[in-house]
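To start, the structure under review is shown below, and the notes come after it.
Protein chains: 2
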Amino acid sequence: MNYTILAVERALLLLEALAEMPDSGVSELAGRTGYTKTLVFRLLFTLEERGFVTKDPVRRTYSLSWRAMLLGDQARRQSRLISAADPQMDELHRQTGCNVSVQIRDGLHSVVVALRRAGQDQRIYAEVGRRGPLHAGGGPKVLLAFAPEDIRQAVLSSELARYTPNTMIDPARLDAALVMIRRDGWVMSEGELDHSTCSVAIPIYDSNSEVAAALAVTGKTDLLPPGERGHVLDLLREAGTKITRLVGAHGSGVPKI
Amino acid sequence: MNYTILAVERALLLLEALAEMPDSGVSELAGRTGYTKTLVFRLLFTLEERGFVTKDPVRRTYSLSWRAMLLGDQARRQSRLISAADPQMDELHRQTGCNVSVQIRDGLHSVVVALRRAGQDQRIYAEVGRRGPLHAGGGPKVLLAFAPEDIRQAVLSSELARYTPNTMIDPARLDAALVMIRRDGWVMSEGELDHSTCSVAIPIYDSNSEVAAALAVTGKTDLLPPGERGHVLDLLREAGTKITRLVGAHGSGVPKI
DNA sequence: ACCTTTGTTTCGTTCAGTGAAAAGATGTTT
DNA sequence: AAACATCTTTTCACTGAACGAAACAAAGGT
């Protein structure tokens, strides 16, 4: 059955559009979302009234406001995955000096939901909320490896974008890699999304033994030499076990993001 | 004119209800919001479909999900006030070792929108998202002092809750205090919300010279002795000037929260 | 001063959103 | 294990809330 409330769905999509293009006006957003100006105007009116959006009356542009911010804070605080991962990410960050991230799968994309950034000496292109593909990079490949059959098929049979010479764009090779990931429970990837970057990643399970997320350590290739990676993997697995224990602990058997 | 879209308004209120009582079911939320169970069910259905809410099918409870979280992250990143205040708050936190907070006014309440927590030795009851009164505490009193006339009247003529013996519950005394705050541009409060806590607070202005927020340093009374407070005020004003410069800088003349 | 673009308001129509109530699940008590 | 209580899900029929089109107003640019 479909119980979707259209107006609500539209409001949520508009909020996300606004998140991607802050300080835009009614027409701009109407263009982006495909809604009529009237509708966008009214949605924004309602969102503003409730404090989720602010209007700049001089420039007549809208942006997300503090209620959206605080809702997000609450969501983060209440998330089992995040609260379980937070201390372990700090630990990993301290131990490795690399970027540490937690990613989840959203449809055919990976999304970074938590991140510890390495120092500015090894600036890696990563941000909370960033979407990426599923076929390139350590975290994404873990998510893909353990994704439901139909998702894996969809990705494998789609055009696999090439980011670097190392990106796996051959479905057969990629599928073989996924088999290995499922067998081993970890993956090391090198320069698949970015030339000089490599990562080690493992899955985080919920209590149903479903993969709820991927935990990854990412660093500049020269600062994370092959010899180091085995050690990083050990640290990662230790952290992963602790997180999985907490995430699955509730016993409901459902991934709580 | 009223262009409110009812369904959207309801969805937003439901989201906030869910933020306050995570892991609740349809009936529970219906009770809380006053909506019918059918409506709550459908709103949740829509919110879940869009990834703002997760359902635990075993326990049949709902919670905020990662899209709400990421929307909040974006809102925080895009907020001029927050991005201007963040480094200054870090600095103040380092310099004073006390709690540092940014608060804004929402109707007749104060809300903490950013916070740096002091070490566990002086745990102070403070959390991002927490709502408080406008008549007690440093930050709140600053917000009240510079609030529009009608808001001030509403608060002054309402029953002023007493939290400690130090809470100002006499409207005349409170009003006199507000006059002083407007004259001086700062306030020191002691044990108004909590016996052993005191704070120093100043306003943050937008480019219209409207008060957009309050910046406060809060500490245990014994760790922030009267002799120290003058120095804290100096640091606070320095930080405040820098924030105000950035917040107002855009020139649109509108408080961007 | 004219034109273009963007935001706001009005208005009439229709179907989306709604509540009531029935049906189905689930867990609990006797 | 049957009856009960409680919660969620589905159905259904009605009505007014949500909607688009188009007129109007307000900025900004030329």
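In order, the protein sequences belong to chains A and B.
Mind the numbering: the first sequence is residues 4 to 260 in my numbering, read in order.
Mind the numbering: the second sequence is residues 4 to 260 in my numbering, read in order.
Don't be surprised by glycine CBs; every beta carbon is placed ideally from N, CA and C.
The C-beta distance from I184 of chain B to K144 of chain B rounds to 6 Å, short enough to fall under 8 Å. Residue range 190-193 is occupied by the beta strand (DSSP E) that includes E193 of chain B. The beta carbon of R63 of chain B lies closer than 6 Å to those of G28 in the same chain, with the five residues before and after it left out.
Selection A:L218, A:R232, A:G222, A:H234 evaluated against T244 of chain A yields A:L218 as nearest (Cα-Cα). Per DSSP, the beta bridge partners of R134 of chain B are B:V114. For E19 of chain A, the C-beta contacts it makes with chain B under 8 Å involve R70, L74, in order along the chain. C101 of chain A has its alpha-carbon roughly 8 Å from the corresponding atom of G122 of chain A. With the criterion set as a beta carbon lying under 7 Å from some beta carbon of chain B, the members of the stretch 21-38 of chain A are A22, P25, in sequence order. Against chain B, a Cβ distance below 7 Å from G132 of chain A picks out L73, D76, Q77. Selection A:W69, A:S212, A:E195, A:G141 evaluated against M171 of chain A yields A:E195 as nearest (Cα-Cα). Within chain A, the residues Y6, I8 have their CB atoms less than 7 Å from the CB of R45 of chain B, given in chain order. When DSSP states are grouped into helix, strand and coil, V61 of chain B belongs to the coil group.
For A216 of chain B, the enclosing beta strand (DSSP E) has its first and last residue at 214-223. Inclusion of G142 of chain A and Q106 of chain A in the CB contact set at 7 Å is warranted, their separation being smaller than that value. Rounded to whole angstroms, the Cβ separation of V190 of chain A and V235 of chain A is 12 Å, and the two are not in contact under 8 Å.
Contact residues of the stretch 161-172 of chain A toward chain B are absent (C-beta to C-beta distance below 7 Å). Under DSSP, D109 of chain A forms a beta bridge with A:H112. The beta-bridge partner set that DSSP reports for V235 of chain A is empty. Residues of the stretch 104-123 of chain B with a Cβ closer than 8 Å to any Cβ of chain A, in chain order: I107, D109, V114, V116. Below 8 Å, enough C-beta pairs join the stretch 26-46 of chain B and the stretch 54-70 of chain B to call them touching: three or more. Out of B:R155, B:V114, B:L147, B:A14, the CA that lies nearest to the CA of T49 of chain A is found in B:A14. Between S113 of chain B and R134 of chain B, the beta carbon gap of about 7 Å places them in contact (Cβ cut-off 8 Å). At a cut-off of 7 Å between C-beta atoms, E12 of chain B counts as an interface residue with respect to chain A.
Note: V103 of chain B is bridge-paired with B:R119, B:V220 in the DSSP secondary-structure output. Counted as a single uninterrupted DSSP element, the alpha helix (DSSP H) harbouring S30 of chain B occupies residues 29-36. In the three-state reduction of the DSSP assignment, T39 of chain B falls in the coil class. With a cutoff of 7 Å on beta-carbon distance, R120 of chain B and L146 of chain B are scored as not near each other. Secondary structure at S161 of chain B: coil, using DSSP grouped into helix, strand and coil.
Going by beta carbons, F149 of chain B and V214 of chain B fall inside the 7 Å limit.
Think of a sphere of 7 Å around the beta carbon of R53 of chain A: the chain B residues whose beta carbon falls inside it are E12, L15, in chain order. The distance from the Cβ of Y166 of chain A to that of A139 of chain A is about 6 Å, consistent with a contact at the 8 Å cut-off.
For the stretch 209-224 of chain A, the beta-carbon criterion of a distance under 8 Å to any beta-carbon of chain B is satisfied by none of its residues.
The beta carbon of G188 of chain A is closer than 6 Å to none in its chain, skipping five residues each way along the sequence. Looking at the DSSP output, L67 of chain A sits in a beta bridge with A:V56. L163 of chain A has its alpha-carbon roughly 16 Å from the corresponding atom of D153 of chain A.
Pairing L177 of chain B with L159 of chain B, the inter-Cα distance amounts to about 8 Å.
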